[in-house]
Amino acid sequence: MLSDPPEPEAQAALAAYLRSRPAGWPEPAPGQAAADFFRTAFRASVPDDGGASLFTGYYEPEIDARLAPEAGFAHPIYALPPDPHLTRAAILGGALSGQGLEIAWLADPVALFFLQVQGSGRLRLPGGGTLRVGYAGQNGARYVSLGREMVARGLIAADRISAGAMRAWFAAHPDRTDGILALNPSWVYFRVVAGLAPDDGPIGTAGVPLGALVSLAVDPAHVPLGAPVLVETETDGTPFRRLMVAQDTGGAIRGAQRADIFFGTGEAAGRRAGRQRAGGRLAVLRPGAV
Numbered sequence: 001m002l003s004d005p006p007e008p009e010a011q012a013a014l015a016a017y018l019r020s021r022p023a024g025w026p027e028p029a030p031g032q033a034a035a036d037f038f039r040t041a042f043r044a045s046v047p048d049d050g051g052a053s054l055f056t057g058y059y060e061p062e063i064d065a066r067l068a069p070e071a072g073f074a075h076p077i078y079a080l081p082p083d084p085h086l087t088r089a090a091i092l093g094g095a096l097s098g099q100g101l102e103i104a105w106l107a108d109p110v111a112l113f114f115l116q117v118q119g120s121g122r123l124r125l126p127g128g129g130t131l132r133v134g135y136a137g138q139n140g141a142r143y144v145s146l147g148r149e150m151v152a153r154g155l156i157a158a159d160r161i162s163a164g165a166m167r168a169w170f171a172a173h174p175d176r177t178d179g180i181l182a183l184n185p186s187w188v189y190f191r192v193v194a195g196l197a198p199d200d201g202p203i204g205t206a207g208v209p210l211g212a213l214v215s216l217a218v219d220p221a222h223v224p225l226g227a228p229v230l231v232e233t234e235t236d237g238t239p240f241r242r243l244m245v246a247q248d249t250g251g252a253i254r255g256a257q258r259a260d261i262f263f264g265t266g267e268a269a270g271r272r273a274g275r276q277r278a279g280g281r282l283a284v285l286r287p288g289a290v
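Residue numbers (my numbering): 1 to 290.
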């Protein structure tokens, strides 16, 4: 193992693991300490496909929204249509208008883009209400990293690229925003997610709410969903070593040592997730005595 986790960290990982553990995988004995359970019931292995390691971050944004279009709120979030394979240009040109697929309207196309990148969010409504939305599907077009494209075009320096730097650039160049957003042909559709408690994160691929700094998005070709994972990387320039659980996937998460750390909900989590980009190592814990 990379390191034995502290008991509070192990308890958080155990709660997440028990929510999404694969069928037939072990449970702790009554009264067994969480750290002891992970240490004795699993063996660690480091998957390797020859690719580079990369640990990025994601979060659940909170965005002001309206349930009907009004002045300043003109960018709709769409539910999955019968034909999802429309191009981004066709959607922005009104191909989905009049079908009753609008879930809500946002004020900012950049906020809509980042909501689509994250795949889930909390929409703040007038009067204090909140609507939770989650990923419902995608139009089939290849996802193009706008951050990479902006670096290639000299808009943001490679050593400064982050979600925050991108937002700042878009705010300073509103006349060029639509053109840059159009470089990514991918379009994400959403669904309303009901029944979540305020403290629950969004629903991940494993079908359970995600937990901040506990849930990890992985490539299921190399890491089983529901498996405990020991992560060793850096966040904000400081060592990050933590026992997490593979509970989500992502279109850009491909490779044995590629993972996305869920940082939580809201602006602070978003800033931290946006800065996260580092190498490291993950080890998968599979049933079996060490």
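Every residue, glycine too, gets a C-beta built ideally from N, C-alpha and C.
query, result
"Provide the residue span of the beta strand (DSSP E) that contains Asp48, from first to last.", "Neither: Asp48 is in no beta strand (DSSP E) and is coded neither H nor E."
"Starting from Gln116, trace the alpha helix (DSSP H) both ways and give me its first and last residue.", "Pro109 to Gln118"
"Assign Arg199 to one of three DSSP states: helix, strand, or coil.", "In the sequence as displayed, the identity of residue 199 is Asp instead of Arg. DSSP places Asp199 in coil when its eight states are reduced to three."
"Which residues in the same chain have their Cβ closer than 6 Å to the Cβ of Trp25, if we skip the five residues on either side of it in sequence?", "Pro287"
"Go ahead and label Ser45 buried or exposed: buried means 16 or more other beta carbons lie within 10 angstroms of its beta carbon, across all protein chains shown.", "exposed"
"Below 6 Å CB to CB, which residues in the same chain sit around Asp222 once its five sequence neighbours on both sides are set aside?", "A quick correction: the sequence has His, not Asp, at residue 222. Counting only Cβ-Cβ distances below 6 Å, and skipping sequence neighbours, we find Pro47 and Ala256."
"Under the rule that 16 or more other beta-carbon atoms within 10 Å means buried, what is Ala12, buried or exposed?", "buried"
"Cβ of Tyr59 within 8 Å of Cβ of Gln118?", "yes"
"Go through its chain and collect everything with a Cβ distance to Ala141's Cβ below 6 Å, but skip five positions before and after it.", "Pro185 and Ser186"
"Going by the DSSP bridge assignment, what does His75 pair with across the sheet?", "Leu106"
"In chain order, what are the residue ranges of uninterrupted beta strand (DSSP E) at least 3 long that sit wholly in the stretch 167 to 230?", "188 to 192 and 215 to 217"
"Need the endpoints of the beta strand (DSSP E) that Pro239 sits in, please.", "Thr238 to Asp248"
"Using three-state DSSP, classify Ile261 as helix, strand or coil.", "strand"
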